[in-house]
Structure formats: C-alpha cells, structure tokens
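Residue 1 is where the sequence shown starts when you use our numbering, and the numbers rise one by one after that. Note that beta-carbon positions come from the ideal geometry of N, C-alpha and C, so glycine has one too. Quick notes on the structure that follows.
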Amino acid sequence: MPKRVECYTRVHVDKSECCGAQSVGTNDKIPLQLTRDKLNHIKNVGALALVTICPFCRMMHDANRGRIEKTFNENLRCTRFTLSTALRPGHWIFT
1 MPKRVECYTR VHVDKSECCG AQSVGTNDKI PLQLTRDKLN HIKNVGALAL VTICPFCRMM
61 HDANRGRIEK TFNENLRCTR FTLSTALRPG HWIFT
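Structural data, given as structure tokens:
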C-alpha cells in the first residue's frame, strides 16, 4: 500500500475478504450483500473515502453502489480515492 495512503489510514477492513464480483451475473445476491456489508462498515465508522486495491472491488463499490442502495433501500455514500486526495487525514478505509 502506498505510503501516501497509509498516512491517512484510520480503519482497515480485512483486505483478504473478497467482494464476490466474480459471481455477478450468476448469483447477484451474494456479491451485493458482501459489498453492502463493507459499505455499511465504511458508513458506520465515519470514513469519508474508500481505497481499493482490486479493480473488481472498485467496480463493486463504485459501479454497483446505486444498485445496492436500491436493492436494500439504503444510502451508502462512497468517494473514490482519486477524487479525494484533498480530504483531511484520518478518514480512510481500505478493502
């Protein structure tokens, strides 16, 4: 993980926990639930942004956020790291 990102770290999510993106199209319920759980964790700890290492995780957290919000009737805000480099330190979460 880049040092620039580490200096902003407040909370880590288990990076080995898969988002389930490879199941999308076959069984959407499982990956949407896994991603919902992570987005809820982000919301509950008060993180302002999410940094993902895996491109599939980025797709699940970003591209499918609206679908997850609609399916589970929730508001789950998520900002991509590239859009958030000016945010104040101490409010990052990693997957």
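Taking all protein chains shown into account, decide if residue i is buried (16 or more other Cβ within 10 angstroms of its Cβ) or exposed.
i	result
G20	buried
P31	buried
K38	buried
I68	buried
I53	exposed
With a threshold of 7 Å (Cβ to nearest heavy atom), would residue i be considered close to the ligand COA?
i	result
D62	Absent from the structure shown: the ligand COA. Ligands present: none.
What number of angstroms, rounded off, separates the C-alpha of residue i from the C-alpha of residue j?
i	j	result
T35	G46	17 Å
G66	Q33	13 Å
T96	C18	The structure shown does not extend to residue 96, since the chain spans only 1 to 95, so no value can be given for it.
G25	N64	13 Å
K43	S16	20 Å
C57	N75	19 Å
V51	N40	15 Å
Q28	D62	The sequence given here has Asp at residue 28, not Gln. Straight-line Cα distance between these residues: approximately 16 Å.
P55	N73	25 Å
Check for me: the alpha helix (DSSP H) holding residue i runs from which residue to which?
i	result
N40	K29 to V45
I68	R65 to F72
Please name the residue in the options whose C-alpha comes closest to that of residue i.
i	options	result
S23	M60, I42 and N75	M60
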